[in-house]
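Asker:
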Amino acid sequence: MGSKLPDSSSSQQLSRSLGPLMLWGLGVGYVISGMYFGWNLGLAEGGTYGLAIATSFIIVLYITFTFSYTELACAIPKAGGVFDYATRGLGKDIGFLAGMAQIIEFIFAPPAIAAAIGAYFHIFFPQLSVTSIAIGAYIIFTGLNIYGVRAAAAFELIITMLAVFELLLFAGITFPHFKSENIRANAFPAGWTGVWASIPFAVWFFLGLEGVANVAEETINPQRNVLIGFGSALLTLIVLCILVFLSSVGVAGWEAVVFPYQGAGPSDSPLPLALSRITGNSGWLYHLLITIGLMGLVASFHGIILAAGRATFEFGRVRYIPSIFGAVNTRFKTPANALLINMAIGIIALLTGKTNQIIIIASFGALTLYVISMVAVIALRRKEPQMPRPFRVPLYPWFPAIALVIAFLSLIAMTTLNINLAMIYFGLLGLSYLWFQFFVKKMVYAQTTEE
Numbered sequence: 007m008g009s010k011l012p013d014s015s016s017s018q019q020l021s022r023s024l025g026p027l028m029l030w031g032l033g034v035g036y037v038i039s040g041m042y043f044g045w046n047l048g049l050a051e052g053g054t055y056g057l058a059i060a061t062s063f064i065i066v067l068y069i070t071f072t073f074s075y076t077e078l079a080c081a082i083p084k085a086g087g088v089f090d091y092a093t094r095g096l097g098k099d100i101g102f103l104a105g106m107a108q109i110i111e112f113i114f115a116p117p118a119i120a121a122a123i124g125a126y127f128h129i130f131f132p133q134l135s136v137t138s139i140a141i142g143a144y145i146i147f148t149g150l151n152i153y154g155v156r157a158a159a160a161f162e163l164i165i166t167m168l169a170v171f172e173l174l175l176f177a178g179i180t181f182p183h184f185k186s187e188n189i190r191a192n193a194f195p196a197g198w199t200g201v202w203a204s205i206p207f208a209v210w211f212f213l214g215l216e217g218v219a220n221v222a223e224e225t226i227n228p229q230r231n232v233l234i235g236f237g238s239a240l241l242t243l244i245v246l247c248i249l250v251f252l253s254s255v256g257v258a259g260w261e262a263v264v265f266p267y268q269g270a271g272p273s274d275s276p277l278p279l280a281l282s283r284i285t286g287n288s289g290w291l292y293h294l295l296i297t298i299g300l301m302g303l304v305a306s307f308h309g310i311i312l313a314a315g316r317a318t319f320e321f322g323r324v325r326y327i328p329s330i331f332g333a334v335n336t337r338f339k340t341p342a343n344a345l346l347i348n349m350a351i352g353i354i355a356l357l358t359g360k361t362n363q364i365i366i367i368a369s370f371g372a373l374t375l376y377v378i379s380m381v382a383v384i385a386l387r388r389k390e391p392q393m394p395r396p397f398r399v400p401l402y403p404w405f406p407a408i409a410l411v412i413a414f415l416s417l418i419a420m421t422t423l424n425i426n427l428a429m430i431y432f433g434l435l436g437l438s439y440l441w442f443q444f445f446v447k448k449m450v451y452a453q454t455t456e457e
């Protein structure tokens, strides 16, 4: 058997209240902001064909990864996600690193999205600063998550459906203006080097989907519903990704959704840029779509806060961080303390103002998670062949192996393109691992011995 985690007391149990529709809303909601901004920066690196090829590989990554990860989530439905899977399959040391990578991803993604929300609202309320709006968003959505997972998931479902509707409406307006020559224009400016450089932005299309596994412990009949929620969310996201990509670039070419005007730097607003070519930037339809589009940012911000709370909660529950963060609020049955500490760290990161770098660090965490979790799938098959697996990944071992290879190559791409940020990220992992080795292990061992 794998390494045994400390037993959970009754004060550390989360309530089960989520069904497959809620899981679909969470899965799509975690990711959908990636359809609204960020992905178009890959066009500046590789052009239409460069980003399209990179995105094709990343879609294969997420298909193979999602089915493989679902096997783990159904067999081990715990709030810690990859932390619990890696601990059981690969031991406490690798489990700790996997959990830290997950926490880095989930804690450092929301500040960047909060900044985008703040910048958007600042246009309508210029008397309020971007930072104050972003902090206000943190407080509101952390409070909603503390109030209850069902309420939080219901809200996520509503705003996710609005965000999906907006993307479909956007595609419906832009596709009649689609021209194939716009797809072919200057389509491969950097050759295969551009494909390599586009990988991080292709990953951004789907980053965060794995957060569905972190609410498996709060899911009704997780062995069935996690598969339905995961699979339907992935299918929805693939369809939206293709629609958004083609309808945006097809209007006026890839430069039109990257550069607002000649000589300008890359924009984080590809959909408004594409839409302005059709409706202008002052019509009611333009403003309606942009307003509804804000729901995409809110959905991902709120959803990742939810997943982050569960990841930090699990670390507290097994006493890898102070056990107070592994406690469940007695009234709301949610990990309130974990949510509050995540909010505090997120606001500190937000105040640095370096949102682009924060996103890249979060992406490093995600790719590390993908690599370790695929190794865990293979290790558990060999180590515990008799472990109950309500769902088994198809075409084993090819699916986890393919996901492992693509994720590892993507991690190399991220590292070579962002050496300084890679040093910061791996430095954080290294320092936390030393702390785990010399302090946490002794503390947890001493506590378990006394008990």
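Here the sequence shown is numbered in the numbering used here, starting from 7 and rising by one per residue. Every residue gets a Cβ at the ideal spot worked out from N, C-alpha and C, and that includes glycine.
1) Is it the case that the Cβ atoms of G371 and P116 are separated by a distance below 9 angstroms?
2) So what does DSSP say about L24, is it helix, strand or coil?
3) State yes or no: is the C-beta of A79 within less than 9 angstroms of the C-beta of F236?
4) Just how far apart, CA to CA, sit L174 and V324?
5) Candidates A160, T336, S254 and A355: which alpha carbon is nearest P182's?
6) Which runs of the alpha helix (DSSP H) fall wholly inside the region 75 to 159 and span at least 4 residues, in chain order?
7) Could you give the DSSP three-state label for T336: helix, strand or coil?
8) Compute the distance between the beta-carbons of G302 and Y42, then report whether it is under 9 angstroms.
9) Whole angstroms are fine: how far does the CA of F71 sit from the CA of W404?
10) Roughly how many whole angstroms lie between the Cα atoms of I418 and Q133?
11) Less than 9 angstroms separating the beta-carbons of E223 and A85?
12) Give me the Cβ distance between I164 and G25, rounded to the nearest whole Å; I'm assuming they're in contact under 8 angstroms.
13) Closer than 8 angstroms is the cut-off here; do at least three beta carbon pairs connect the region 387 to 406 with the region 428 to 447?
14) Taking Cβ positions, are V218 and G56 nearer each other than 9 angstroms?
15) Can you give me the C-alpha to C-alpha distance between Y431 and A157, rounded to a whole angstrom?
16) Specify whether the region 353 to 360 and the region 134 to 146 touch according to this definition: at least 3 beta carbon pairs, one from each stretch, less than 8 angstroms apart.
17) Does the beta-carbon distance from F176 to A280 come in below 9 angstroms?
18) Applying the 10 Å Cβ sphere with the 16-neighbour rule, what's the burial state of T166?
19) State the beta-bridge partners of T225 as determined by DSSP.
20) Taking buried to mean at least 16 other C-beta atoms within 10 Å of its own C-beta, is N287 buried or exposed?
21) Please confirm whether L440 and F207 have their CB atoms less than 9 angstroms apart.
22) Starting from M393, trace the alpha helix (DSSP H) both ways and give me its first and last residue.
23) Identify which residue in L29, F114 and Y91 has its Cα closest to the Cα of I364.
24) With H, G and I counted as helix, E and B as strand and the rest as coil, what does DSSP make of F181?
25) Quick check on R325: does DSSP put it in helix, strand or coil?
26) With the cut-off set at 9 angstroms, would you say V381 and L410 are in Cβ contact?
27) Is DSSP giving F414 helix, strand or coil here?
28) Would L243 and I64 qualify as a contact pair, given that the criterion is a beta-carbon distance under 9 angstroms?
29) Check each candidate in I100, F73, G35 and A50 and name the one with the smallest Cα separation from I378.
30) Can you name, in chain order, every residue of its own chain whose Cβ lies under 7 angstroms from the Cβ of E77, other than the five neighbours on each side?
31) Hey, how far is the Cα of L427 from the Cα of L241?
32) Considering just the uninterrupted stretch of the alpha helix (DSSP H) at G197, what are its terminal residues?
33) In its own chain, which residues sit with a C-beta less than 7 angstroms from the C-beta of I315, not counting the 5 before and 5 after it?
34) Contact defined as beta carbons within less than 8 angstroms: I believe A305 pairs with E111. What is the distance between those atoms, to the nearest angstrom?
35) Cβ of Y326 within 9 angstroms of Cβ of G105?
36) Just to confirm, is the Cβ distance from L32 to A159 under 9 angstroms?
Answerer: Taking the structure as given:
1) no
2) strand
3) In contact: A79 and F236 (Cβ atoms closer than 9 angstroms).
4) 43 angstroms
5) S254
6) 88 to 96, 98 to 130 and 136 to 153
7) coil
8) yes
9) 11 angstroms
10) 44 angstroms
11) In this structure, A85 lies closer than 9 angstroms to E223 by Cβ.
12) In fact, because the Cβ distance is near 15 angstroms, the residues do not count as touching under 8 angstroms.
13) Proximity of the region 387 to 406 to the region 428 to 447 falls short of the contact definition, fewer than three beta-carbon pairs being nearer than 8 angstroms.
14) No, the pair does not count as a contact, with Cβ atoms beyond the cut-off.
15) One Cα belongs to Y431, the other to A157, and the distance between them is close to 34 angstroms.
16) yes
17) yes
18) buried
19) L24
20) When all chains shown are included, N287 counts as exposed.
21) no
22) Taken as a continuous stretch (DSSP letters only), M393 belongs to no alpha helix (DSSP H), as it is neither H nor E.
23) When each option's Cα is compared against that of I364, the closest is F114.
24) Helix at F181.
25) coil
26) In this structure, L410 lies closer than 9 angstroms to V381 by Cβ.
27) helix
28) no
29) I100
30) V383, R395, F397, R398 and V399
31) 32 angstroms
32) G197 to W210
33) Sequence check: residue 315 is Gly here, not Ile. Hits under 7 angstroms: N151, P341, A344, L345 and N348.
34) Contact flag wrong, Cβ pair sits at about 17 angstroms.
35) yes
36) The beta carbons of L32 and A159 sit closer together than 9 angstroms.
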